[in-house]
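Here is the structure we will look at, set down as C-alpha cells.
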Amino acid sequence: MIDIDRIRADTPAASRLAYLHNAGAALMPTAVVAAMKQHIDLESEIGGYAAADREADRLDAVYGSVARLLNAAPDEIALVENATVAWQMAFYALAFREGDRILTAEAEYAANYVAFLQVARRTGAIIDIVPSDATGELDVRALERMIDARVKLIAITWVPTNGGLVNPAAAIGKIARAHGIPYLLDACQAVGQMEVDVEAIRCDMLSATGRKFLRGPRGTGFLYVRGPLLQRLEPPMIDHFAAPWVARDEYRLRDDARRFETWENNYAARLGLGAAVDYALDIGLGPIEQRCRMLADRLRAGLASIRGVEIRDLGRTPGAIVSFTMEEHDADAIVRSAAAAGITIGASDPASTRIDAEIRALPPVVRASPHCYNTEAEIDRLIDHLTGLARR
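Quick note: the sequence shown uses this note's numbering, first residue -16, plus one each step.
Shown next, in the form of C-alpha cells:
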C-alpha cells in the first residue's frame, strides 16, 4: 500500500496543481530538493572540491542506490548528465562495419534513431526495423526470424515517448542472449514508473534519466553495462578519470562502468538523483507501478466516454503515459487550456517517434502521465475539463 498523504506532503506543488506531466519532468520530492540545496550550501561555505571530499561516501553511495534499483552491481553503473548521453556512450562504444545490422522497433526515439543513421552513413551498417504485432508491441516472433550472423545490436525503447506502449523487453532479452547479440535498452520512460530488473530482462546495456518518473533533478542520468560486456567496450570519448594516464604513451581504462564518465560533474544534482532513487525504493517500485497503472487506466476509461477523443495508446498492458487526440482541438491548444485550469499535461510531436507516427498517421498527440502522488480526483478533473472542451 502507498501512503498517499505522506507522498503528497513530500510534494508541495501537488497541493495547487494537478500535475500529470511526469513523462516530461516529474515533481521532485522534498528529500531530493533538500539534498541538492544542502550540497550547494556546503559548496558555498567551503568550496566545491572540499565539499565533494567531505561528502565522498554519500556520493559513492549513489552507485549502490542505482544498482539496487536495477538489480545490478555498483561497478556496472555510470552516472552521467542525461539519458541521451548514457545511451550514446554505450552505442558509440560498439564497432560497426559495412553490412552489420542494427535491429530496432517502430516506436524508437528520435535521438536514438538519428544516431543509427549517422553510424549507418559512416560505416555502411544497416538499420532494420522489427515490425509490431497486432497489439502494437514489437513482434518477438518477427525478431527471432530476423536474426542472422550480421546482426550486431538489438536496440529498442522500452516505453516510447509518445504513448503508453510497453514493449516486451524481457522477451527481447531472451532472444538476444540466446544468440549472443548485444542488447541496448532505452528505459528512459520506464525507470521510476515500473520495476526494472536487468537480470530478468537480460539486457546488456540500459540507459535512463533522473528527471522523469524517477522524480530526480534535470541534468542527471545513468548507464548500466553488464560486467562481461563492459570489459570489451572502449568509450567513444575518454578523459583521465575514465582512463588514467599511466605513462607518457599509455592510458589504462578503468575496470568499472565509470570508464563512461568524465572527471567533472554536478555533485549537487548527483546527490539529488541518489535521493530520488532512495525515495522510490523506500516506497517500493511494485506499489508505484500498480498505482501509476491504476490512475492511467482510470484516465483512459474516462477519455473513452468523451465525444471526439481518440486514445492513441498501443500494447496489451499500457503503462502510465496516456496519449490521445481530440477532434477540432490541436494538442498544444489542449495543453494550454488545461494549464489555465491548473492541470499540467504535455504533448508529443510526430518527429519524436517518426516511424511509428508515419505508420499510424499520427498528428501531435496530447500526453498525460500520472504518478503515484496523483489522486483519482485529479484524474477526474482532467476528464471533466476535456468533456467541457468537447461540448464547446
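Built from N, CA and C at the ideal position, the CB exists for glycine as well.
{"query": "What is the rounded straight-line gap between the Cα of Ile23 and the Cα of Val318?", "result": "34 Å"}
{"query": "With 16 other CB atoms within 10 Å as the buried threshold, where does Lys453 fall?", "result": "With the chain running from -16 to 375 in the structure shown, residue 453 is simply not present."}
{"query": "Taking contact to mean at least 3 C-beta pairs separated by less than 8 Å, is the stretch 115 to 133 in contact with the stretch 93 to 101?", "result": "no"}
{"query": "Counting only runs of 4+ residues fully inside the stretch 264 to 330, write out the alpha helix (DSSP H) ranges in chain order.", "result": "268 to 286, 314 to 323"}
{"query": "Under 6 Å Cβ to Cβ from Trp141, same chain only, skipping five residues before and after it: list those, please.", "result": "Asn150, Ala152, Leu168, Ala170, Ala173"}
{"query": "Could you check whether Ala1 and Thr327 sit closer than 9 Å to each other, using their CB atoms as the reference points?", "result": "yes"}
{"query": "Smallest Cα separation from Ile164: which of Arg84, Glu341, Gly291, Phe99?", "result": "Arg84"}
{"query": "Could you please give me the residues that DSSP links to Met188 through a beta bridge?", "result": "Leu167, Val208"}
{"query": "Since I believe Ile338 is in contact with Ile112 (beta carbons under 8 Å), could you give me their beta-carbon distance rounded to a whole number of angstroms?", "result": "6 Å"}
{"query": "Beta-carbon within less than 6 Å of Met11's beta-carbon, same chain only, minus the 5 sequence neighbours each way: which residues are those?", "result": "Arg198"}
{"query": "To which residues of the same chain is Ile110 closer than 6 Å at the C-beta, ignoring the five residues directly before and after it?", "result": "Ile85, Phe99, Ala103"}
{"query": "If I'm right that Asn65 touches Thr192 with Cβ under 8 Å, what's the distance once you round it to whole angstroms?", "result": "6 Å"}
{"query": "Alpha carbon to alpha carbon, what distance is there between Ala334 and Glu341?", "result": "9 Å"}
{"query": "Based on the DSSP output, what are the partners of Thr87 in its beta bridges?", "result": "Ile112"}
{"query": "If contacts are defined as beta-carbon pairs under 8 Å, then Arg253 and Leu42 qualify, I think. What distance do you get, rounded to the angstrom?", "result": "6 Å"}
{"query": "Do you know whose CA, among Pro114, Asp58, Arg281, lies nearest His354's CA?", "result": "Arg281"}
{"query": "For Ser352, which residues does DSSP report across the bridge?", "result": "His4"}
{"query": "Taking contact to mean at least 3 C-beta pairs separated by less than 8 Å, is the stretch 176 to 193 in contact with the stretch 204 to 211?", "result": "yes"}
{"query": "Leaving out five residues before and five after Ala183 in sequence, what residues of the same chain have Cβ atoms less than 7 Å from its Cβ?", "result": "Ala153"}
{"query": "Could you give the C-beta distance for Arg160 and Arg185, rounded to a whole number, given that I count them as a contact under 8 Å?", "result": "5 Å"}
{"query": "Per DSSP, Glu233 is paired with what?", "result": "Ala230"}
{"query": "Which same chain residues end up closer than 6 Å to Tyr46 when comparing Cβ atoms and leaving out the 5 residues on each side of it in sequence?", "result": "Pro57, Ile60"}
{"query": "Exposed or buried, which one is His223 when buried takes at least 16 other CB atoms within 10 Å?", "result": "exposed"}
{"query": "If we ignore side chains and look at the alpha-carbon of each, how far apart do Tyr166 and Ala35 end up?", "result": "35 Å"}
{"query": "I'd like the list of long-range same chain contacts for Ala324, defined as Cβ closer than 6 Å, with 5 residues on each side in sequence excluded.", "result": "His368"}
{"query": "Report the option in Ile155, Ala14, Pro(-5) whose CA atom is closest to the CA atom of Pro200.", "result": "Ala14"}
{"query": "Answer with buried or exposed for Pro346, where buried requires no fewer than 16 other C-beta atoms within 10 angstroms of its C-beta.", "result": "exposed"}
{"query": "Hey, would you say Asp296 sits closer than 9 Å to Leu148, going by beta carbons?", "result": "yes"}
{"query": "Have a look at Ala284 and Leu278 and give me their C-alpha separation to the nearest angstrom.", "result": "10 Å"}
{"query": "To which residues of the same chain is Gly82 closer than 8 Å at the C-beta, ignoring the five residues directly before and after it?", "result": "Gly107, Ala108, Ile109, Arg133"}
{"query": "For the alpha helix (DSSP H) containing Lys157, list its first residue and its last residue.", "result": "152 to 162"}
{"query": "Using DSSP bridges, identify the partner residues of Leu62.", "result": "Phe205"}
{"query": "Give the DSSP-derived three-state secondary structure of Val68 in the structure shown.", "result": "helix"}
{"query": "Does DSSP classify Met177 as helix, strand or coil?", "result": "strand"}
{"query": "What first and last residue would you give for the beta strand (DSSP E) that runs through Val149?", "result": "Where Val149 is concerned, there is no enclosing beta strand (DSSP E), given that its DSSP letter is neither H nor E."}
{"query": "Looking only at its own chain, which residues have a Cβ that is under 8 Å from the Cβ of Leu286, when we skip the five neighbours before and after it?", "result": "Val292, Ile294, Val305, Phe307, Ile366, Leu369"}
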